[in-house]
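So for the sequence shown, the numbering used here puts the first residue at 433; every next one is plus one.
Note that CB positions come from ideal geometry on N, CA and C, so glycine has one too.
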Amino acid sequence: MRAPPPLRLIRAVSFTQRLAGWFRQPPPDLHHGLWLRPCRAVHTLGLRDAICVAFVDSEGRVLRVIPALKPWRFAACLRADSVVELRLGALDDEQGGIARLQAAIRHGIPPIAQPG
């Protein structure tokens, strides 16, 4: 079986980008995610389909995954620093699972500046 392509995370950093989420443009495929940072809670108001949601701490660790957050719902994780919204099924084992998401997050978090 061939490995899936790397997960590409699109950053949503402004309030408006984070509020809209995938409302204006749904996730294009299983290989893209929307990274909302900073963010501790999400909603699916106005969405037609369920999405996969992963809550991530400031170190890039996945704290909680909701594999199918249905439309018109809210979800939160107070320990989270950011949230990744993905198309349903993007974190299934055959797509590389959580390890694929963690690799994309590690690639996207800027390194901590060293003193000196």
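From which residue to which residue does the alpha helix (DSSP H) around Gly529 run? As a position in the sequence shown, residue 529 is number 97, starting the count at 1. Element bounds for Gly529: Gly529 to Gly540.
If you count every other CB in all the chains shown that lies within 10 Å of the CB of Trp504, and 16 or more means buried, which is it? Position 72 of the sequence shown holds residue 504. It counts as exposed.
Any idea which residues DSSP pairs Gly465 with across the strands? For this step, residue 465 is matched to residue 33 along the sequence shown. Answer is Leu441 and Leu518.
Enumerate in chain order the residues of its own chain whose CB-to-CB distance from Ser514 is below 7 Å, with the five nearest sequence positions on each side excluded. Sequence index remark: in the sequence shown, residue 514 carries index 82 (1-based). So the list reads Trp467, Leu468, Arg469, Pro470, Cys471 and Val488, once near-sequence residues are dropped.
Under 8 Å, with one C-beta from each stretch per pair, do the stretch 475-482 and the stretch 492-507 reach the 3-pair mark? yes
Please report the distance separating the alpha-carbon of Ala473 from that of Ile442. Within the sequence shown, the letter at position 41 stands for residue 473. Within the sequence shown, the letter at position 10 stands for residue 442. Distance between the alpha carbons of Ala473 and Ile442: 18 Å.
Shortest alpha-carbon distance to Val516 belongs to which of Phe506, Leu533 and Asp525? As a working mapping, residue 516 is identified with position 84 in the sequence shown. Checking every option, the nearest Cα to that of Val516 belongs to Leu533.
Going by DSSP, what residues sit across from Phe506 in a beta bridge? What you label residue 506 is simply residue 74 of the sequence shown in a count that begins at 1. Its beta-bridge partners are His475.
Between which residues of its own chain and Arg450 is the CB-CB distance below 7 Å, once the five residues before and five after are set aside? As a working note, residue 450 is residue 18 in the sequence shown. Once the five neighbours on either side are set aside, the close Cβ partners of Arg450 are Ala444, Leu468 and Cys471.
Let's test the definition: count the other Cβ atoms within 10 Å of the Cβ of Ala512 and tell me whether it reaches 16, buried, or not, exposed. As a first step, residue 512 is located in the sequence shown; it is residue number 80 there, counting from the start. Label assigned to Ala512: buried.
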